[in-house]
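K.L.:
Following this message is one structure expressed as C-alpha coordinates.
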Amino acid sequence: MAEEKGKKASSSNTGKKEKPKRYSVKKKAKKTFYVPNSTGKRRMKSVKPRWRRPRGEDNKKKRKKAFFGASPRVGNKNAPEMSGLHVLGLPEILVSNPSELEGAEEVLVRIAAGVGKRKREEIIKKAEGMNLRVLNKGVKK
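One rule links them: number in this note's numbering = place in the sequence shown (from 1) + 1039.
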(Lines of atoms letter the chains of each structure in order from A and count residues from 1; the text may use other names and numbers.)
(Lines give C-alpha, C1' and ligand atoms only; values in the text may rest on other atoms or scores of the structure.)
Protein backbone atom coordinates (compact mmCIF):
# COMPACT_ATOMS: atom_id res chain seq x y z
CA MET A 1 0.00 0.00 0.00
CA ALA A 2 2.46 2.60 -1.23
CA GLU A 3 -0.34 4.85 -2.51
CA GLU A 4 -1.43 7.72 -0.30
CA LYS A 5 -4.96 7.91 1.00
CA GLY A 6 -7.36 9.58 -1.45
CA LYS A 7 -5.17 9.16 -4.56
CA LYS A 8 -6.01 6.63 -7.24
CA ALA A 9 -3.71 4.87 -9.65
CA SER A 10 -3.55 6.73 -12.99
CA SER A 11 -4.43 4.93 -16.20
CA SER A 12 -2.81 5.61 -19.56
CA ASN A 13 -4.50 8.21 -21.81
CA THR A 14 -2.95 7.17 -25.11
CA GLY A 15 -6.06 7.24 -27.31
CA LYS A 16 -7.57 10.51 -26.07
CA LYS A 17 -7.35 13.85 -27.87
CA GLU A 18 -6.37 16.96 -25.90
CA LYS A 19 -8.95 19.75 -25.84
CA PRO A 20 -7.82 23.33 -26.53
CA LYS A 21 -7.26 25.46 -23.46
CA ARG A 22 -10.19 27.76 -22.72
CA TYR A 23 -10.41 30.54 -20.21
CA SER A 24 -13.45 31.01 -18.04
CA VAL A 25 -14.82 34.37 -19.09
CA LYS A 26 -16.80 36.18 -16.45
CA LYS A 27 -17.57 39.66 -17.71
CA LYS A 28 -19.17 42.36 -15.61
CA ALA A 29 -22.89 42.88 -15.82
CA LYS A 30 -23.71 45.74 -18.19
CA LYS A 31 -25.39 48.69 -16.57
CA THR A 32 -27.84 50.81 -18.51
CA PHE A 33 -27.02 54.50 -18.69
CA TYR A 34 -29.77 56.83 -19.86
CA VAL A 35 -30.01 60.38 -21.11
CA PRO A 36 -31.66 62.49 -18.41
CA ASN A 37 -35.39 62.99 -19.00
CA SER A 38 -35.55 60.34 -21.73
CA THR A 39 -37.73 57.82 -19.89
CA GLY A 40 -41.03 59.71 -19.62
CA LYS A 41 -44.05 58.73 -21.75
CA ARG A 42 -44.07 61.96 -23.74
CA ARG A 43 -40.35 61.95 -24.37
CA MET A 44 -40.01 58.35 -25.54
CA LYS A 45 -40.72 59.39 -29.14
CA SER A 46 -38.36 62.34 -29.30
CA VAL A 47 -35.40 61.22 -27.15
CA LYS A 48 -34.21 57.64 -27.45
CA PRO A 49 -33.13 56.10 -24.11
CA ARG A 50 -29.44 55.72 -24.97
CA TRP A 51 -26.39 57.27 -23.39
CA ARG A 52 -25.44 60.83 -24.31
CA ARG A 53 -22.97 62.80 -22.25
CA PRO A 54 -24.66 65.62 -20.30
CA ARG A 55 -23.18 68.94 -21.45
CA GLY A 56 -25.40 71.57 -19.81
CA GLU A 57 -23.96 73.96 -17.27
CA ASP A 58 -26.63 73.31 -14.64
CA ASN A 59 -27.43 69.72 -15.63
CA LYS A 60 -28.15 67.65 -12.53
CA LYS A 61 -26.83 64.46 -14.14
CA LYS A 62 -23.55 66.23 -14.97
CA ARG A 63 -23.31 67.37 -11.35
CA LYS A 64 -23.70 63.71 -10.33
CA LYS A 65 -26.92 63.93 -8.37
CA ALA A 66 -27.74 60.38 -7.28
CA PHE A 67 -31.44 60.43 -8.17
CA PHE A 68 -30.62 61.06 -11.86
CA GLY A 69 -28.91 57.67 -12.18
CA ALA A 70 -25.37 56.45 -12.76
CA SER A 71 -22.97 57.71 -15.41
CA PRO A 72 -20.30 55.59 -17.14
CA ARG A 73 -16.89 55.53 -15.46
CA VAL A 74 -13.56 53.82 -16.01
CA GLY A 75 -14.50 51.22 -13.40
CA ASN A 76 -17.32 49.90 -15.62
CA LYS A 77 -14.79 48.51 -18.11
CA ASN A 78 -13.98 44.78 -18.23
CA ALA A 79 -10.51 43.42 -17.51
CA PRO A 80 -8.08 43.72 -20.48
CA GLU A 81 -7.56 39.95 -20.74
CA MET A 82 -11.33 39.50 -21.13
CA SER A 83 -11.83 42.06 -23.90
CA GLY A 84 -12.23 40.55 -27.34
CA LEU A 85 -13.11 37.10 -26.00
CA HIS A 86 -16.39 35.31 -26.59
CA VAL A 87 -18.27 33.89 -23.60
CA LEU A 88 -16.82 30.47 -24.50
CA GLY A 89 -13.32 31.80 -23.73
CA LEU A 90 -11.92 31.96 -27.27
CA PRO A 91 -11.37 34.94 -29.58
CA GLU A 92 -13.75 35.58 -32.49
CA ILE A 93 -12.89 36.32 -36.10
CA LEU A 94 -15.23 37.79 -38.71
CA VAL A 95 -14.97 35.91 -42.01
CA SER A 96 -16.27 37.06 -45.39
CA ASN A 97 -14.58 34.45 -47.62
CA PRO A 98 -13.04 30.97 -47.17
CA SER A 99 -9.45 32.17 -47.67
CA GLU A 100 -9.64 34.16 -44.42
CA LEU A 101 -9.79 30.88 -42.47
CA GLU A 102 -6.20 29.98 -43.39
CA GLY A 103 -3.94 29.92 -40.36
CA ALA A 104 -6.81 30.19 -37.89
CA GLU A 105 -6.41 27.93 -34.87
CA GLU A 106 -8.48 27.81 -31.67
CA VAL A 107 -10.82 30.65 -32.67
CA LEU A 108 -14.56 31.02 -33.11
CA VAL A 109 -15.78 31.94 -36.60
CA ARG A 110 -18.55 34.44 -37.28
CA ILE A 111 -19.67 34.78 -40.91
CA ALA A 112 -20.22 38.36 -42.13
CA ALA A 113 -23.79 39.47 -42.82
CA GLY A 114 -23.18 40.31 -46.49
CA VAL A 115 -22.03 36.80 -47.43
CA GLY A 116 -24.39 34.93 -49.75
CA LYS A 117 -25.69 31.37 -49.49
CA ARG A 118 -23.10 29.67 -51.72
CA LYS A 119 -20.05 31.25 -50.12
CA ARG A 120 -21.56 30.74 -46.65
CA GLU A 121 -21.76 26.98 -47.30
CA GLU A 122 -18.12 26.96 -48.50
CA ILE A 123 -16.99 28.73 -45.32
CA ILE A 124 -18.94 26.30 -43.11
CA LYS A 125 -17.46 23.25 -44.90
CA LYS A 126 -13.91 24.58 -44.60
CA ALA A 127 -14.39 25.51 -40.93
CA GLU A 128 -15.73 22.04 -40.10
CA GLY A 129 -12.74 20.51 -41.88
CA MET A 130 -10.44 22.60 -39.68
CA ASN A 131 -12.43 21.74 -36.50
CA LEU A 132 -13.51 25.36 -35.97
CA ARG A 133 -16.86 26.34 -34.53
CA VAL A 134 -19.12 28.65 -36.58
CA LEU A 135 -21.25 30.84 -34.32
CA ASN A 136 -23.93 31.89 -36.83
CA LYS A 137 -24.21 28.67 -38.80
CA GLY A 138 -28.00 28.41 -38.63
CA VAL A 139 -28.70 31.80 -40.24
CA LYS A 140 -30.71 31.34 -43.44
CA LYS A 141 -29.91 33.33 -46.56
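A virtual CB, placed ideally from N, CA and C, is assigned to each residue, including glycine.
Taking 8 Å as the threshold, find out whether the segment 1102-1116 comes into contact with the segment 1140-1157 through three or more Cβ pairs.
P.N.:
Touching, no, given that fewer than three Cβ pairs across the two stretches are closer than 8 Å.
K.L.:
Using the Cα positions of residue 1094 and residue 1071, report the straight-line distance between them to the nearest angstrom.
P.N.:
The alpha-carbon atoms of residue 1094 and residue 1071 are separated by roughly 19 Å.
K.L.:
Could you work out which residue in 1146, 1179 and 1102 is closest to residue 1173 when comparing CA atoms only?
P.N.:
Nearest option by C-alpha distance: 1146.
K.L.:
Hey, quick one: how far does the alpha helix (DSSP H) through residue 1157 stretch, first residue to last?
P.N.:
Run containing residue 1157: 1156-1168, per the alpha helix (DSSP H) assignment.
K.L.:
DSSP on residue 1133, reduced to helix/strand/coil?
P.N.:
It is a strand residue.
K.L.:
Leaving out five residues on either side along the sequence, give the residues of the same chain with a beta carbon under 8 Å from the beta carbon of residue 1162.
P.N.:
Contacts found: 1134, 1136, 1137, 1140, 1148, 1150, 1154 and 1173.
K.L.:
Looking at residue 1100 and residue 1075, is the spacing between their C-beta atoms short of 9 Å?
P.N.:
A contact, by the Cβ cut-off of 9 Å.
K.L.:
Please name the residue or residues paired with residue 1112 in a DSSP beta bridge.
P.N.:
Residue 1112 pairs with nothing; no bridge assigned.
K.L.:
Taking only three categories from DSSP, how would you classify residue 1140?
P.N.:
In the structure shown, residue 1140 sits in a helix (DSSP, three-state: H, G or I).
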